[in-house]
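Comments concern the structure below.
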Amino acid sequence: MSNFKEFMVDEKILHALDKMGIVEPTDIQSQVIPHAKLDRDIIGQAQTGTGKTAAFGIPTIEKMLPDRKHPQAMVLAPTRELAIQVATEINRLSQFKKVNALAIYGGEPIDRQIKALKRNPEIIVATPGRFMDHMRRKTIRLEEMSVVILDEGDEMLNMGFIEDIETIFKELPTERQTMLFSATMPNRLKKIGERFMNNPQSIAVKSQGMTVDTIEQRYVKVKEAEKLNALCTLLTKHQPESAIIFGRTKRRVDELTEALRSNGFKAEGLHGDMRQEKRSKVLQRFRQNKIELLIATDVAARGLDVTGVTHVFNFDLPQDTESYVHRVGRTGRAGKTGIAFTFVTPKEMELLARIEEKTKKEVVKESMPSFDQLTKKGFEVTAEKIVDQIEDTDLLEARKVAKELLERYDAETVLAMALKLSTKAPKEVENVLTAESPMRSKKPQNRNNSKKGRPSHRGGRRSSRKNYGKGSN
DNA sequence: AAAAAAC
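Under the numbering used here, the first residue of the first sequence carries the number 5, and numbering increases by one thereafter.
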């Protein structure tokens, strides 16, 4: 029996929770739902993966009135993927009710969205830019918005969405319920909350440290040029079923994806310069376990809820502790365990210490396997495959030849040879990645006698163009 | 400095 009953959750939502296999309310859910039901404004501090979406989703769904011409609730999220994810989860929760959520975001033809909006979804889940676009076109009307939710508030702040949010909030009816959710609560964000909310109830879900206990954190001290080889070695050693590898830049992600693919890994990249269609497809395939490795920028660091991510790799040390915490939090979700590896160059060791200090968690040194250990691991993996498939494989013809072999050699020798032939030997992987942040040296690199001579002046003093075209910023 | 986000 669902433990959501004590919160008087709508029968049809209970049914959906049941079907989704959700029985026990999480901390944030049991704290938010009662207040939200009473129309209180809420400031909720909680990591992602704590069941936040259902916490605000359930009471919001319950409040939606039937047969209205305009949307009654909206959720703002910092990335497109997040908007899609939140809309999907709300729709699951409301599957037995006549309440629909629609994701609205950029990079997708607006006509299609306008058409979908004509079906009068009750709940809009959007990224700010496209939402404002619809606002101006009046294809989304705000006069009946009674519930407004800001998700991942701190990230919105980081990404400079605050002005957008202010623009949107100024157009909203003042009679409404507002909820703000964020992993951290910097002062600037608190101020926004105070400005746009009415006597909000603060709710903080205490997670002991900043990172979850179900995540093992390890580091590898490695020179820049050896990262790729180290990554391939670790991938061979740990055989992740499903891993996210974070790179620092979009270009980095592209190069790393290519390098891993050419080394035989099922890898796909994800970053903000890719076409939205491709982004969605990659994420979908990753969720379906059709891709082993997702190589991503920080676009995937926040909030993305993919179950069954066994490993996270910080191929490049993240910019700050917050980003570290979010990246690492993509694994060890839903009660499962996970391992997070962070590559640290000798120069960066100090930064790692700072992360340890802030998260109050030790990051343990990962020992790199020897060549022999790696070779052995390869055989073990092959052996595992044998055990997995031995029951349901047709071995008829193979058995005949096996019998002949056993007449000449002992079983162990034959089997060892078979393992060797069917296992790829580990090899040193050559670094093909462009060095990170070239740190443009100021010294002119005297290359007069190499390359073709440049035509006299080198464009340095071109007439200043900065006042042409669009004006300020 | 990079990332994300509207056309």
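We put the beta carbon where it would ideally sit given N, CA and C, even for glycine. No experiment lies behind these values; they were computed from the predicted model shown.
Since Q51 sits in a beta bridge, which residues does DSSP pair it with? Along the first sequence, one-based indexing puts residue 51 at 47. None, per the DSSP bridge assignment.
Runs of alpha helix (DSSP H) wholly within the region 304–341 (minimum 4 residues, chain order): 325–332
Cα-Cα separation, H19 to V13: Indexing the first sequence from 1 puts residue 19 at position 15. Indexing the first sequence from 1 puts residue 13 at position 9. Computed Cα separation, rounded: 10 Å.
Cross-strand partners of T346 (DSSP beta bridge): Position 342 of the first sequence, counted from the start, is the residue given in the question as residue 346. Bridge partners of T346: Y223 and N318.
Environment of N95 [buried if 16+ CB atoms lie within 10 Å]: Against the first sequence, residue 95 aligns to sequence position 91. That one is buried.
Just to confirm my understanding: we take I128, look at its own chain, exclude 5 residues before and 5 after, and list those with CB closer than 7 Å. What are they? As a first step, residue 128 is located in the first sequence; it is residue number 124 there, counting from the start. P75, M78, L106, I108 and I144, listed in sequence order.
Three or more C-beta pairs closer than 8 Å, one from the region 228–240 and one from the region 279–295: is that the case here? no
Could you spell out the range, first to last residue, of the alpha helix (DSSP H) harbouring E354? Position 350 of the first sequence, counted from the start, is the residue given in the question as residue 354. Segment M353 to T363, the alpha helix (DSSP H) holding E354.
Here's the rule I'm using: 16 or more other beta-carbon atoms within 10 Å means buried, otherwise exposed. How should L308 be labelled? Residue 308 sits at position 304 when you count from the first residue of the first sequence. Classification of L308: buried, given that the 10 Å Cβ count is 16 or more.
The alpha helix (DSSP H) enclosing S284, as first and last residue numbers: As a working note, residue 284 is residue 280 in the first sequence. Start and end: Q280 to R291.
Determine the extent of the beta strand (DSSP E) in which V152 is found, giving its start and end residues. As a working note, residue 152 is residue 148 in the first sequence. Start and end: V151 to L154.
Given a threshold of 16 other Cβ atoms within 10 Å of its Cβ, counted over all protein chains shown, does V436 qualify as buried or as exposed? Reading the first sequence from its first residue, position 432 is the one you call residue 436. Classified as exposed, V436 has fewer than 16 neighbouring CB atoms from the shown chains inside 10 Å of its CB.
heavy atom of the ligand PLP below 7 Å from D414 C-beta: This structure does not include the ligand PLP; it has no bound ligands of any sort.
Which residues DSSP lists as bridging V507, in chain order: The structure shown does not extend to residue 507, since the chain is modelled only from 5 through 477, so no value can be given for it.
According to the neighbour-count rule (16 or more other Cβ atoms, all chains shown, within 10 Å of its Cβ), is E416 buried or exposed? Here residue 416 refers to the residue found at position 412 when the first sequence is read from its first residue. By the neighbour-count criterion, in which 16 or more other beta carbons inside 10 Å mark a residue as buried, E416 falls on the exposed side.
CA-CA distance, K294 and E228? The residue given as residue 294 occupies position 290 in the first sequence. The residue given as residue 228 occupies position 224 in the first sequence. Looking at the two C-alpha atoms, the distance is approximately 30 Å.
Taking three-plus beta-carbon pairs below 8 Å as touching, is the region 315–323 in contact with the region 37–55? Contact between the region 315–323 and the region 37–55 is absent: fewer than three C-beta pairs spanning the two stretches fall below 8 Å.
Count the CB pairs spanning the region 131–146 and the region 163–183 that are closer than 8 Å, and state whether there are at least three. The region 131–146, when compared against the region 163–183, does touch it at the 8 Å Cβ threshold.
Whole angstroms is fine: what's the gap from M201's alpha carbon to G55's? Working through the first sequence from its first residue, we reach residue 201 at position 197. Working through the first sequence from its first residue, we reach residue 55 at position 51. C-alpha separation (whole angstroms): 23 Å.
Straight-line CA distance for L86 to T92? As a first step, residue 86 must be located in the first sequence, where it is residue number 82. As a first step, residue 92 must be located in the first sequence, where it is residue number 88. For L86 and T92, the distance between alpha carbons rounds to 10 Å.
Curious, which full-length alpha helix (DSSP H) runs of at least 4 residues does the region 5–35 contain? 15–24
Please classify Y413 as buried or exposed, where buried requires at least 16 neighbouring CB atoms within 10 angstroms. In the first sequence, the residue the question calls residue 413 occupies position 409. Residue environment analysis places Y413 among the exposed positions, since fewer than 16 neighbouring C-beta atoms fall within 10 angstroms of its C-beta.
Is I196 helix, strand or coil by DSSP? In the first sequence, counting from the first residue as 1, residue 196 sits at position 192. Correct three-state label for I196: helix.
Give the range of the alpha helix (DSSP H) segment to which G61 is assigned. The residue you call residue 61 lines up with position 57 of the first sequence. Segment K56 to K67, the alpha helix (DSSP H) holding G61.
For A107, three-class secondary structure by DSSP: Residue mapping note: residue 107 aligns to position 103 of the first sequence, counting from 1. Of the three classes helix, strand and coil, the one that applies to A107 here is strand, per DSSP.
Distance, A305 Cα to G464 Cα: Looking up residue 464 in the first sequence gives position 460. Looking up residue 305 in the first sequence gives position 301. Here the model assigns G464 a pLDDT of 36, short of 50, so the residue's position is not dependable, and the following value carries that caveat. Distance between the alpha carbons of G464 and A305 is about 39 Å.
Under the three-state DSSP convention, the category S374 falls into: As a working note, residue 374 is residue 370 in the first sequence. The answer is coil: DSSP assigns S374 none of H, G, I, E or B.
Label E159 either buried or exposed according to how many other C-beta atoms from any shown protein chain fall within 10 Å of its C-beta, with 16 as the threshold for buried. As a first step, residue 159 is located in the first sequence; it is residue number 155 there, counting from the start. By the 10 Å Cβ count, E159 comes out buried.
Do you know how far the Cα of K381 is from the Cα of L409? Taking the first sequence and counting its residues from 1, one reaches residue 409 at position 405. Taking the first sequence and counting its residues from 1, one reaches residue 381 at position 377. Distance between the alpha carbons of L409 and K381: 26 Å.
Give the range of the alpha helix (DSSP H) segment to which F173 is assigned. To locate residue 173, count along the first sequence from 1; it is residue 169. From DSSP, the alpha helix (DSSP H) with F173 extends over I166 to E175.
Identity of the residues DSSP links to Q181 by a beta bridge: As a working mapping, residue 181 is identified with position 177 in the first sequence. Beta-bridge pairing links Q181 to V151.
Do you know how far the Cα of N7 is from the Cα of A387? For this step, residue 387 is matched to residue 383 along the first sequence. For this step, residue 7 is matched to residue 3 along the first sequence. Near 44 Å, if we compare the C-alpha coordinates of N7 and A387.
CB of R291 within 8 Å of CB of V313, strictly: Residue mapping note: residue 291 aligns to position 287 of the first sequence, counting from 1. Residue mapping note: residue 313 aligns to position 309 of the first sequence, counting from 1. It is not a contact, given that the beta carbons lie outside the stated cut-off.
E296 burial status per 10 Å Cβ neighbour count (16 or more: buried): As a position in the first sequence, residue 296 is number 292, starting the count at 1. Classification for E296: buried.
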